[in-house]
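Just below is one structure, and these are the notes that go with it.
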Amino acid sequence: MSYEAPWIEKYRPEVLQDVVGNAEAIERLRAITSMGNLPNLILSGPPGTGKTTSILCLAREMLGEEVYKQAVLELNASDARYANCICMEVYEYAYGMGMRFSYHDLITLPASLCRGIDVVRNKIKMFAQKKVTLPAGRHKIVILDEADSMTASAQQALRRTMEIYSHSTRYAVSMCMVWDAVCGVCI
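The opening residue of the sequence shown carries number 10 in the numbering used here; numbering runs sequentially from there.
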């Protein structure tokens, strides 16, 4: 059986020119691409409006296809929260089946998934520390989708990581609701 990508992935734009909608935002991203100096960005708006697609296109254009594969980390911040929801569902199901154990026993098994701060400490920080050969004046890019689902402690850890690794890594934070922790280090 062959795998076929979902329609939305198969036809996702790969360059900014192909992104439709919000012409003003796309024009700003094009200007960033032509200047070659990517600042940390906050992309805010309702789900499904092209925030992640736009920044993926920008990254591909700034870095080139080969470097893009090594120098871009895309994470969905809600995945860690989703894991916590799964833990709760498993606990409720097991409890309903007569199994008796504490919820704490269950969530310690996938601890790294259930705590948003671990995503920052492990995945993002490790990526920021990674050595990658980049075109002159370019930076690695972390794309953090649905970042508004991160815990407060994860937001603070992200801010600190952004400050420490600003010489090598830029961040594009996509969210529906903007939070104060990263506003000072993004445009």
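Glycine included, each C-beta is placed from N, C-alpha and C at the ideal position.
Being a predicted model, the structure only gives us computed values, none of them experimental.
Closer than 7 Å: residue i CB and nearest the ligand HEM heavy atom
i	result
Arg147	Of the ligands one can find in the structure shown there are none, so the ligand HEM has no counterpart to examine.
Local Cβ density within 10 Å of residue i, reported as buried at 16 or more and exposed below that
i	result
Tyr180	buried
Gln138	exposed
Met186	exposed
His148	buried
Ala32	exposed
Ala161	exposed
Proximity winner among the options, relative to residue i (alpha-carbon distances)
i	options	result
Leu167	Ser177, Glu36 and Asp127	Asp127
Pro22	Gly54, Arg37 and Thr58	Thr58
Gly146	Gln165, Leu47 and Pro56	Leu47
Pro56	Asp27, Ala156 and Thr178	Ala156
Check whether residue i and residue j have beta carbons under 8 Å apart
i	j	result
Val76	Leu153	no
Thr42	Glu70	yes
Ser53	Met184	yes
Thr170	Lys132	no
Val182	Ile51	yes
7 Å CB neighbourhood of residue i in its chain, flanking five on each side removed
i	result
Ala163	Gly125, Ile126, Val128 and Val129
Ser177	Ala137, His148 and Lys149
Tyr174	Ala137
Beta-carbon contacts of residue i that lie in its chain and below 8 Å, excluding the five residues immediately before and after
i	result
Glu13	Lys19
Leu25	Ile35, Leu38, Arg39, Thr42, Ser63, Cys66, Leu67 and Glu70
Val28	Pro22, Ile35, Gly59, Thr62, Ser63 and Cys66
Gly45	Met71, Gly146 and Arg147
6 Å Cβ shell around residue i - same chain, five flanking residues per side excluded
i	result
Val81	Ala68 and Ile150
Leu84	Leu153
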